[in-house]
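Chains W and C supply the protein sequences, listed in that same order.
Each residue of the first sequence is one higher than the one before, starting from 51 at the first, in the working numbering.
Each residue of the second sequence is one higher than the one before, starting from 5 at the first, in the working numbering.
The C-beta atom is built at its ideal place from N, Cα and C for all residues, glycine as well.
Only a predicted model underlies this, so the values are computations on that prediction, with no experimental measurement involved.
The next block holds one structure in the form of structure tokens; read it before the comments.
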Amino acid sequence: SQTIHQWPATLVQPVGSPLSLECTVEGTSNPNLYWYRQAAGRGLQLLFYSVGIGQISSEVPQNLSASRPQDRQFILSSKKLLLSDSGFYLCAWSVPGQGNYGYTFGSGTRLTVV
Amino acid sequence: AQSVAQPEDQVNVAEGNPLTVKCTYSVSGNPYLFWYVQYPNRGLQFLLKYITGDNLVKGSYGFEAEFNKSQTSFHLKKPSALVSDSALYFCAVRDMFSGGYNKLIFGAGTRLAVHP
């Protein structure tokens with residue numbers, strides 16, 4: 051069966067420090083991968099998606115970047131964190147082209163920038 | 005433009021009473037519709053989906069949803085609410101123009117509070 055792992059679960063970082071959040075998927079190959087941010091416990095904002103290794107698309111301009119160095123690994127990064135980067139970050143995967151399966155989400159990372 | 009709306013920020017219901025969480029959509033063609041639930045500090049969990057077929061879809065934890073094409077709605081329902089159903093609920097629709105990218109458009113979420 052497929053599983054998705056996201057870590058760390060919580061993170062407190064000072065302003066201006068770097069960031070690296072990691073997401074890995076097991077039990078499938080060539081998944082579509084997504085990074086979302088959820089602010090204030092409500093709506094989801096799609097940050098990045100990837101349909102393959104090295105293929106990253108950004109939905110919104112921001113202080114963050116994403117990379118996909120391996121087929122089932124998706125990394126969210128920042129060189130210098132801002133206070134506004136605080137939030138709950140969610141990774142998700144889906145079967146490519148199979149819109150009837152929806153997404154499977156990771157357990158999330160709570161990032162607090164202080 | 006394709007979209008999904010959840011008109012209620014919060015729904016309050018007494019334990020044991022039926023609950024409804026509303027969702028309306030606007031897409032071209034036949035929609036793929038989903039409901040997800042999120043408990044505090046957790047990821048979203050899949051509840052149910054409508055792709056085709058019977059308009060009444062049954063899902064996890066006793067939830068069901070009714071697809072109504074004429075009203076472009078996909079309301080989530082449960083006959084008897086539990087306190088443990090208290091959570092944040094998201095409706096989503098597949099963006100039919102996203103191709104292999106398989107983009108889902110999420111609603112803003114509705115917080116369900118079930119009171120003892």
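- Taking the beta carbon of SER117(W) as reference, no residue of chain C falls within 7 Å; the closest one sits roughly 18 Å away.
- Within chain W, not a single residue places a beta-carbon under 8 Å from that of LEU51(C); the smallest gap is close to 10 Å.
- Here LYS81(C) really is in contact with ALA69(C); their C-beta atoms are around 7 Å apart, less than 8 Å.
- Assignment of LEU133(W) by DSSP, reduced to helix, strand and coil, places it in the helix class.
- Taking LEU131(W) as reference, the option from VAL164(W), ARG122(W), GLN88(W) with the minimal CA-CA separation is VAL164(W).
- The beta carbon of PRO120(C) lies closer than 7 Å to those of GLU19, VAL87 in the same chain, with the five residues before and after it left out.
- Its chain contains SER144, VAL145 as the residues whose beta carbon lies nearer than 7 Å to that of TYR151(W), once the 5 sequence neighbours on both sides are disregarded; these appear in chain order.
- In the three-state scheme derived from DSSP, where H, G and I count as helix and E and B as strand, ASN72(C) is classed as strand.
- Chain C places no beta carbon closer than 7 Å to that of ARG87(W), leaving this residue out of the contacts.
- A distance below 7 Å separates the beta carbons of ALA96(C) and PHE38(C).
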